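Participant:
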Amino acid sequence: MYILVALVALGLLVEINEYILHAGWLDPLTPALSLSYEQNLPTWYAASLLLLCAALLAVSARADPTWRRSWALLAVGFLYISMDEVVGVHEYASELFDTHGLLFFGWVIPAAVVVTVIGLAYLRFLGSLPAQTRRRFVVAGVIYVTGALALELPLGAWTERHGNDNLTYALIDLLEESLELLGATLFVGALLEHLRARVGSIALRIT
Numbered sequence: 205m206y207i208l209v210a211l212v213a214l215g216l217l218v219e220i221n222e223y224i225l226h227a228g229w230l231d232p233l234t235p236a237l238s239l240s241y242e243q244n245l246p247t248w249y250a251a252s253l254l255l256l257c258a259a260l261l262a263v264s265a266r267a268d269p270t271w272r273r274s275w276a277l278l279a280v281g282f283l284y285i286s287m288d289e290v291v292g293v294h295e296y297a298s299e300l301f302d303t304h305g306l307l308f309f310g311w312v313i314p315a316a317v318v319v320t321v322i323g324l325a326y327l328r329f330l331g332s333l334p335a336q337t338r339r340r341f342v343v344a345g346v347i348y349v350t351g352a353l354a355l356e357l358p359l360g361a362w363t364e365r366h367g368n369d370n371l372t373y374a375l376i377d378l379l380e381e382s383l384e385l386l387g388a389t390l391f392v393g394a395l396l397e398h399l400r401a402r403v404g405s406i407a408l409r410i411t
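Heads up: the sequence shown at position 58 corresponds to 262 in our numbering, and the numbers run straight through without jumps.
Have a look at this one:
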């Protein structure tokens, strides 16, 4: 969690500097620390966090024969999301849609369908989990989807009207990426606690 707070704070600092302070000595840090940029420190941290989720889900699959397939499919999904965090496949999907306003980033349409289908398909799986684990999974998921999907709607509408080189865009994007990181971090914590309770040999902490 400390890493998350540090990344968000540094990301906010470079955005404020970019559009308000204009301190020249901070300019070289913007590409490396801005949460709006790709292929930088926040991107690689996010991808690593999602990859850790995939690994923990794979361990959960081995530890739970009854729901092995459900855990395994989630592991594959998070592996893909981790890859997409670096490659940005979803951004190319927007080119398939001629949409405007809240749907300016057209990729949110198929993404919303996929999230809805997966959510409905996993209701029985969620119901099988201990109450505390279920709550932690749901909270982490809602936070992550809010950042990754829901905030793309106002961000898209703003981008269409004002472009992406302004402080408002940067702040919306910062909030979006921060929620994604928070959701993934909470999910890692929930998975570790679930495995500790089930397997009894997990002694890892994410700091």
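A virtual CB, placed ideally from N, CA and C, is assigned to each residue, including glycine.
None of these values were measured; they are calculated from a predicted model.
What number of angstroms, rounded off, separates the C-alpha of LEU278 from the C-alpha of THR337?
Facilitator: Roughly 16 Å separates the two Cα atoms.
Participant: For GLN243, which three-state DSSP category applies?
Facilitator: Coil, per DSSP.
Participant: Leaving aside the five residues before and after ALA354 along the sequence, list all residues of the same chain whose C-beta is less than 7 Å from its C-beta, in chain order.
Facilitator: Same-chain partners within the cutoff: there are none.
Participant: Pick helix, strand or coil for THR411, following the three-state DSSP scheme.
Facilitator: Because THR411 carries a pLDDT of 44, less than 50, the predicted location of this residue cannot be relied on, and no value is offered for it.
Participant: With 16 as the cutoff for other CB atoms within 10 Å, does THR389 come out buried or exposed?
Facilitator: Buried, by the Cβ-count rule.
Participant: At the level of alpha carbons, what is the spacing between LEU283 and LEU255?
Facilitator: Whole-angstrom Cα-Cα distance: 6 Å.
Participant: In three-state DSSP terms, what is LEU355?
Facilitator: The answer is coil: DSSP assigns LEU355 none of H, G, I, E or B.
Participant: By a C-beta neighbour count over all protein chains shown, 10 Å radius and 16 as the cutoff for buried, is HIS398 buried or exposed?
Facilitator: Its Cβ being crowded by 16 or more others within 10 Å, HIS398 is buried.
Participant: Would ASP369 be called buried (16 or more neighbouring beta carbons within 10 Å of its own) or exposed?
Facilitator: With fewer than 16 Cβ atoms within 10 Å of its Cβ, ASP369 is classed as exposed.
Participant: Where THR363 and TYR373 are concerned, what is the direct C-alpha to C-alpha distance, given to the nearest angstrom?
Facilitator: So the alpha carbons of these two residues sit roughly 7 Å apart.
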